[in-house]
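**Student:** Position in the sequence shown counted from 1, then plus 1, gives you my numbering. Below you'll find the structure I mean.
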Amino acid sequence: MAWGEFKNTAAERRLFQRRAMVVLVFVVILMAGLLARMYQLQIVEHDIYTTLSDKNRVQVQSVPPPRGLVYDRNNVLLAENRPVFSLTVVPERVGDMEEMLARLSEILDIADEDLERFERRLREPRRPYQAIPLNYDLDEGEIARMAVHRHQFPGVEVEAELVRYYPHSELTAHALGFVGRINREELQRIDPVNYAGTNYIGKSGIERFYEEALHGQVGYQHVETNARGRILRVLERVNPVPGEDLQLHLDLRLQRRAHELLEGRRGAIIAIEPATGGILALASVPGFDANKFVTGISVKDYRELSQSIDKPLFNRALRGQYPPASTIKPMMAVAALDSGVTDRERRIWDPGYFQLREGGRRFRNWNRSGDGWVDLKYSMARSNDVYFYEVGVEMGVDVMSEYLARFGFGEDATLDVSGALDGLLPTADWKRAVKSEPWYPGDSVNMSIGQGFLLSTPMQLATATALIANRGVWAEPRLLKDVRGDRPVETFLPEPSREPLILKDPDDWEYVVETMEEVMHGARGTARRAARGASYRMAGKTGTAQVFSLGEGEEYDAEQIRERLRDHALYVGFAPADKPEIAVAIIIENGGGGSGVAAPVARALFDAWLEEFPAAEAESVVTQASDPGAVH
């Protein structure tokens, strides 16, 4: 612009206005966009972002249900829950896991086994944000140290949880079983919703069989958390439904007495209430401390148990399969009478041995000099083998197997006993398939006295004995007696399916019981010493099972045989004989003769159940009635 010209203010004003308008429009557009975005976030997508915000602040946590308690028939607590403080880690909230574990080990004494178990579970499939236990059963000092350093470990918490505890663990381990940490296989089959927050599941015994009833129903709670994931407050809670409390037929007093009678030995005792089938005692000795398995047993402790020559983890009562020996003779007597092979008057000559053919192998009677002419009653009382050799060969394997199957041999005939084995009930077809050999008459000779291929568990022997006590009426063995809830106990038990064993002549039941009474009270009964002085009559049968075979003509000398190769001592029986209240099966491994070792144990059990314990109950009732402060 030249020096003589004036500024064009109007043009500059118009330029400024245009520029201002453009900027204003641009600002208005930005403001409109911002308002639109704010509207979308605050109004249109309000619920979405509220939910996302709450996920950072509010979490839904599962509340595991308290596991149901287990009582014996007298309301003595057998399985309870106790609070334990554990150190848990939520991996999703931890940055550097190795660094965190290293720093944590400086504060707490964490065993190498716990670290290995934690790292193994860290690699296993699991639910997101599920806490993994690192250390169990913290003491007060460890809890205090974690409280001081808590801010240094995001994702690490000290949590209180209810853990299973067995007050009488050594006595009840094989009967109740135990719970343990849920493993990978169990995680695949359980309901992930109902087991959310639950770390334990029944592994064996009652704990496993009634897992669904004992577990209960999961609850949940909405909690407010801070940026580190720590709970500030509970906003809403739906309480879990506790598991059902179970009452068993098991009597802790009789269970303790059974363990005391077997102390220092290896063996098993089953006691059944014939009228109901209720299992009064289920003892396998030696036992073990089931509490060690709940939170995870150490390698050292498990090695000691699993490598012990006495096999304390082995449930002899349910899984021990032994030759029943002469304890099978009452069942064989029923089979021989009902099949018509023998009768009450038939007599057989016993020279001390039995031969299938003249000049053939001699199957010896335990009394090498022989008993002369013997009938069924005398043969039962004396445990004469030759009589049963004869009738066993005449019956043959098919008849013997048919009747023994009706007594529950060759199968698990219990209702709710977890882990019981079937034993072995041989047949001709079985031998042909397994041994590739036909069934020989000599096999029938051995089977007739409970030797050879025949195997049974103590539970099967007790079940068959209870059937004789009931005169053919089945009451399948069961542990569950009652459920402390609204549902009837029948809804928890499997449906009974056994039909009564009806004989052609029902009086044969009474006759067989009489033969078993002769064993205990007869002048020549093998167990007459054990029954001496009893105020009641009992029926029973002793047995001595060979652990290894003797050659023909060889003599058995217990003093010269190593202890673990000696005969097993067995006994089956019930009392009182006319109205049975208890039936038992006893095996004492390598104990020797059943009459001298197992029968006295049975007498002690009968005395305790029929005379000692009822008196103790009456005394307890009187004491409670006279003491107004007593707890009923």
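Glycine included, C-beta positions come from ideal geometry on N, C-alpha and C.
Report the partner residues of residue 302 according to the DSSP bridge assignment.
**Tutor:** In the DSSP output, where bridge partners are listed per residue, residue 302 has none listed.
**Student:** Tell me the DSSP secondary structure of residue 292 in three-state form.
**Tutor:** The three-state reading of DSSP puts residue 292 in helix, counting H, G and I together.
**Student:** Find the nearest neighbour of residue 372 within the set 154, 508 and 350, judged by alpha-carbon distance.
**Tutor:** Considering only alpha carbons, the answer is 350.
**Student:** Quick one: any contact between the segment 404 to 421 and the segment 495 to 505, if contact means 3 or more CB pairs under 8 angstroms?
**Tutor:** Contact holds: three or more Cβ-Cβ distances are below 8 angstroms.
**Student:** Do residue 583 and residue 569 have their C-beta atoms closer together than 9 angstroms?
**Tutor:** The Cβ atoms of residue 583 and residue 569 lie no closer than 9 angstroms to each other.
**Student:** Classify residue 452: buried if its beta carbon has 16 or more other beta carbons within 10 angstroms, exposed otherwise.
**Tutor:** Residue 452 should be labelled buried.
**Student:** Only counting the same chain, and skipping five residues up and downstream in sequence, which positions put a Cβ closer than 6 angstroms to that of residue 122?
**Tutor:** 133
**Student:** Please classify residue 12: does DSSP put it in a helix, a strand, or coil?
**Tutor:** Here residue 12 sits in helix by DSSP.
**Student:** Which of the three DSSP states is assigned to residue 27 in this structure?
**Tutor:** Residue 27 sits in a helix when the DSSP states are folded into three classes.
**Student:** Please classify residue 542 as buried or exposed, where buried requires at least 16 neighbouring CB atoms within 10 angstroms.
**Tutor:** buried
**Student:** Below 8 angstroms, can you find three or more Cβ-Cβ pairs linking the segment 71 to 81 to the segment 144 to 159?
**Tutor:** no
**Student:** Using CA atoms only, rank isn't needed, just tell me which of 436, 405 and 307 is closest to residue 424.
**Tutor:** 405
**Student:** Using CA coordinates, which residue listed in 446, 316 and 429 is at the minimum distance from residue 439?
**Tutor:** Relative to residue 439, the option among 446, 316 and 429 whose CA is nearest is 429.
**Student:** Where do the ends of the alpha helix (DSSP H) carrying residue 466 lie?
**Tutor:** 459 to 470
**Student:** For residue 611, which residues of its own chain have a beta-carbon under 8 angstroms away from its beta-carbon, when the five flanking residues on both sides are left out?
**Tutor:** 537, 576, 577, 582 and 583
**Student:** Residue 401 and residue 336 - do their beta-carbons sit closer together than 9 angstroms?
**Tutor:** Yes, they are a contact pair.
**Student:** Please return the same chain residues whose Cβ sits closer than 6 angstroms to the Cβ of residue 181, not counting the five positions on each side in sequence.
**Tutor:** 204 and 294
**Student:** Leaving out the 5 sequence neighbours to the left and right, which residues in its chain are closer than 6 angstroms to residue 1 when beta-carbon positions are compared?
**Tutor:** With the chain running from 2 to 633 in the structure shown, residue 1 is simply not present.
**Student:** Name the two residues that bound the continuous alpha helix (DSSP H) containing residue 643.
**Tutor:** Past the edges of the chain, shown from 2 to 633, lies residue 643, and the structure says nothing about it.
**Student:** Jot down the residue ranges of each uninterrupted beta strand (DSSP E) in the segment 179 to 247, minimum 3 residues, whole runs only, in chain order.
**Tutor:** Here the runs fully enclosed are 180 to 182, 201 to 203, 220 to 226 and 232 to 239.
**Student:** Whole angstroms is fine: what's the gap from residue 552's alpha carbon to residue 613's?
**Tutor:** Interpretation of residue 552 is limited by its pLDDT of 43, a score under 50 that renders its predicted location unreliable; no figure is taken from the coordinates.
**Student:** Tell me the rounded alpha-carbon separation between residue 95 and residue 213.
**Tutor:** Each residue's CA atom was taken as its position, placing residue 95 and residue 213 some 34 angstroms apart.
**Student:** Can you tell me whether DSSP reads residue 40 as helix, strand or coil?
**Tutor:** In the structure shown, residue 40 adopts helical secondary structure according to DSSP, grouped into three states.
**Student:** Identify which residue in 23, 347 and 499 has its Cα closest to the Cα of residue 374.
**Tutor:** Of the candidates 23, 347 and 499, the one whose C-alpha sits nearest the C-alpha of residue 374 is 347.
**Student:** Based on Cα-Cα distance, which residue from 10, 289, 500 and 470 lies nearest to residue 511?
**Tutor:** The shortest C-alpha separation from residue 511 is found at 470.
**Student:** Have a look at the DSSP bridge pairing and note the partners of residue 542.
**Tutor:** 573
**Student:** Just how far apart, CA to CA, sit residue 392 and residue 316?
**Tutor:** 34 angstroms
**Student:** If contacts are defined as beta-carbon pairs under 8 angstroms, then residue 280 and residue 587 qualify, I think. What distance do you get, rounded to the angstrom?
**Tutor:** The pair is not a contact, with the Cβ atoms about 14 angstroms apart (cut-off 8 angstroms).
**Student:** Hey, could you find the ends of the alpha helix (DSSP H) residue 257 is sitting in?
**Tutor:** 253 to 262
**Student:** For the 8 angstroms Cβ check, are there 3 or more pairs between the segment 324 to 331 and the segment 443 to 463?
**Tutor:** yes
**Student:** Would you call residue 409 buried or exposed, if buried means 16 or more other Cβ atoms sit within 10 Å of its Cβ?
**Tutor:** Burial of residue 409 is indicated by the presence of at least 16 other C-beta atoms within 10 angstroms of its C-beta.
**Student:** Which class does residue 408 belong to by DSSP, given the choice of helix, strand or coil?
**Tutor:** Three-state DSSP puts residue 408 in coil, outside helix and strand.
**Student:** Using only alpha-carbon positions, find the residue among 89, 242, 355 and 107 that is nearest to residue 486.
**Tutor:** 242
**Student:** Quick one: give me the first and last residue of the alpha helix (DSSP H) that residue 354 is part of.
**Tutor:** Counting along the chain, no alpha helix (DSSP H) covers residue 354; the unbroken beta strand (DSSP E) around it starts and ends at 354 to 356.
**Student:** Grouping DSSP H, G and I as helix and E and B as strand, with all else coil, what is residue 553?
**Tutor:** Low confidence applies to residue 553: its pLDDT is 42, below 50, so where it sits in the model is not reliable, and the reading given next is rough at best. The three-state reading of DSSP puts residue 553 in coil, since its state is none of H, G, I, E or B.
**Student:** Would residue 175 be called buried (16 or more neighbouring beta carbons within 10 Å of its own) or exposed?
**Tutor:** buried
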